[in-house]
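Residues in the sequence shown are numbered from 660 upward in steps of one, following the working numbering. Glycine residues also receive a C-beta, built at the ideal position from the N, C-alpha and C atoms. The structure displayed is predicted, hence computed values, not measured ones. Notes follow once the structure below has been shown.
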Amino acid sequence: MIVVDTSVWIDWFQNKQTPQVATLSDINDLSDVIIGDIILLEILQGERNERRAAAIESRLKVFELVSMLTPEFAVAAAANYRKLRGLGKTVRKTADLIIGTYCIEHGHKLLQNDRDFQPMADHLGLQFV
């Protein structure tokens, strides 16, 4: 399965030509794409126009929506943060830490365009598309 991060969705909705948007557009089986509740939150909170937010929400509902934060994942994400901090690496956004931990724990690949995920790939086994 592929989790598509907020950074890629924003570029996709803005019709930006990035390698990650091209990869998203090339995915043949859209049932392989997962959207996390935290990703949905980030996308929708960034949209100022209610009508456009509703249209975006409707477009994203074709994908599987999953809850990314449970008590167990909260503990795992905190442990990942401490491990990275112990290595001198800091993930700036808690949401990215949760998304990365969710992918690691489920063995999903992450399609992203956000430098916060690199330490998780380098030290925790996060896999990118």
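One or two residues paired with Val-667 in a DSSP bridge: For the purposes of this step, residue 667 is taken as the residue at position 8 of the sequence shown. Residue pairing of Val-667 in beta bridges, as defined by DSSP: absent, with no partner found.
Residue(s) in a DSSP beta bridge with Val-692: Start at 1 with the first residue of the sequence shown, and residue 692 comes out as number 33. Note: Val-692 is bridge-paired with Ile-661 in the DSSP secondary-structure output.
Three-way DSSP call (helix, strand, coil) for Leu-746 in this model: Here residue 746 refers to the residue found at position 87 of the sequence shown. Leu-746 sits in coil when the DSSP states are folded into three classes, being neither helix nor strand.
Cα-Cα separation between Gly-766 and Glu-701, rounded to whole angstroms: Position 107 of the sequence shown, counted from the start, is the residue given in the question as residue 766. Position 42 of the sequence shown, counted from the start, is the residue given in the question as residue 701. One C-alpha to the other measures close to 22 Å.
Start and end residues, beta strand (DSSP E) containing Leu-783: Counting from one through the sequence shown, the residue named residue 783 turns up at place 124. Boundaries around Leu-783 are those of the alpha helix (DSSP H), 777-783, since no beta strand (DSSP E) includes it.
Extent of the continuous alpha helix (DSSP H) run through Leu-719: By one-based count along the sequence shown, residue 719 stands at place 60. Looking at the DSSP string, the run of the alpha helix (DSSP H) that includes Leu-719 is 709-719.
Member of Gly-759, Leu-746, Glu-709, Leu-719 whose CA lies at the smallest distance from the CA of Ala-733: Taking the first residue of the sequence shown as position 1, residue 733 is located at position 74. That would be Gly-759, whose Cα lies nearest to the Cα of Ala-733.
Limits of the alpha helix (DSSP H) - the one that Val-680 falls within: Locating residue 680 in the sequence shown gives position 21, counting from the first residue. Secondary structure note for Val-680: its alpha helix (DSSP H) is the uninterrupted segment 678-685.
Backbone CA spacing between Ala-712 and Arg-718 [nearest angstrom]: For the purposes of this step, residue 712 is taken as residue 53 along the sequence shown, with counting starting at 1. For the purposes of this step, residue 718 is taken as residue 59 along the sequence shown, with counting starting at 1. Cα to Cα, Ala-712 sits roughly 10 Å from Arg-718.
As assigned by DSSP and simplified to three states, the class of Leu-724: If you number the sequence shown from 1, residue 724 lands on position 65. Strand at Leu-724.
Spatial distance of Phe-787 from Arg-774 (CA atoms): Numbered from 1 along the sequence shown, position 128 holds the residue referred to as residue 787. Numbered from 1 along the sequence shown, position 115 holds the residue referred to as residue 774. The straight-line gap from Cα to Cα measures roughly 12 Å.
Contact check, Gln-771 vs Asp-696, beta carbons under 7 Å: The residue you call residue 771 lines up with position 112 of the sequence shown. The residue you call residue 696 lines up with position 37 of the sequence shown. For Gln-771 and Asp-696, no; Cβs fall outside 7 Å.
Simplified DSSP assignment, three categories, for Gln-786: In the sequence shown, the residue the question calls residue 786 occupies position 127. Strand.
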